[in-house]
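Numbering (the working numbering), first residue to last: 1260 to 1483.
For every residue, glycine included, the Cβ atom is placed at its ideal position computed from N, Cα and C.
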Amino acid sequence: MKYKQAFTFIFEDDKWLSKVLIGILISLLYYFILPVIVVAGYLVEVAEKVIRKEKGLPDWNNWGQKIRKGLSVLVLVLAFGLLLMLIFIPIFVFASMLIAIATYLITIMLLAPLIIAQYARTGRIREVLRLKKFFTVYRKNFSMFLIIALLPVIFVPANSLLNSWGPGLLTPYMSASFVNIVLETFLYAIFPGFIVQIYMHNLFGQLGLAIDEAAPEQIVAEKA
């Protein structure tokens, strides 16, 4: 896995700042749900570009395609979530609610990289839902999936630390106005958060590429 490249590739795009800002502005409308689906579709396209070995961030066009891809990922996460609920029923019955929920969420977190990687490389929901193949691929590449799934454990406290210390760096130069508070929130929370999402989906794309190279008979979905 090329962890450094997953970060630097963002800035190789001449229009990276405008593309990131558009993504952030759309993300801020998350309570309307549809923007979340659009952003999810955009992030899938990040993974697709990595699989196709293309440089640069996706453009903010073909919104219909982004909605379709975002909805597909949502359907897949819900499908695996329901499957896991059935499997975890004994845990919910015999363990405390906190332990049961924590175990369930950790399992979803461990499966998410492959769910997105498989969809990005095939473009088909039914291919991801072929459970025997899905878990065979997961078993063979478990170490990679585990490392990537655990990365958010590093990013969350790091972002919290940035949120705590970052504003203090600007305090001597900024007044405590509403505009400045919004600016600090953007600089130390929202902007890094979207960059992290792009970074993670680049890694998901690298997973998909690694799976394709290990199984060349699999066809990578051709995207417009």
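In this structure, the alpha-carbon of residue 1278 lies about 17 Å from that of residue 1309. If the five residues before and after residue 1281 are omitted, its C-beta is found closer than 8 Å to the C-beta atoms of 1319, all from its own chain and listed in chain order. Close CB contacts of residue 1463 within its chain, under the 7 Å cut and outside five residues either way in sequence, are with 1306, 1372, 1375, 1376 and 1379 (chain order). Residue 1395 counts as exposed, since fewer than 16 other beta carbons sit within 10 angstroms of its beta carbon. In the three-state reduction of the DSSP assignment, residue 1347 falls in the coil class.
Ranked by how close their Cα comes to the Cα of residue 1301, the residues 1325, 1411 and 1344 have 1325 in first place. For residue 1288, there is no enclosing alpha helix (DSSP H), as DSSP marks it with neither H nor E.
Under the three-state reduction of DSSP, residue 1330 is assigned to helix. Less than 8 Å separates the beta-carbon of residue 1298 from that of residue 1286. Around the Cβ of residue 1466, a 10 Å sphere holds 16 or more other Cβ atoms; the residue is buried. A Cβ-Cβ contact shorter than 8 Å links residue 1459 with residue 1410. Secondary structure of residue 1368 (DSSP, three-state): helix.
Apart from the 5 residues on each side of it in sequence, residue 1260 sits with its Cβ closer than 6 Å to the Cβ of 1465 in its chain, given in chain order. Across the structure, residue 1350 and residue 1272 are spaced so that their CA atoms are roughly 47 Å apart. Straight-line measurement puts the Cα of residue 1323 at about 25 Å from the Cα of residue 1340.
Here DSSP, grouped into helix, strand and coil, assigns residue 1464 to helix. A distance of 8 Å or more separates the beta carbons of residue 1312 and residue 1268. Annotated as distal: residue 1265 and residue 1400, with beta-carbon spacing of 8 Å or more. Residue nearest to residue 1455 within the set 1470, 1468, 1364 and 1408 is 1408 (criterion: CA-CA distance).
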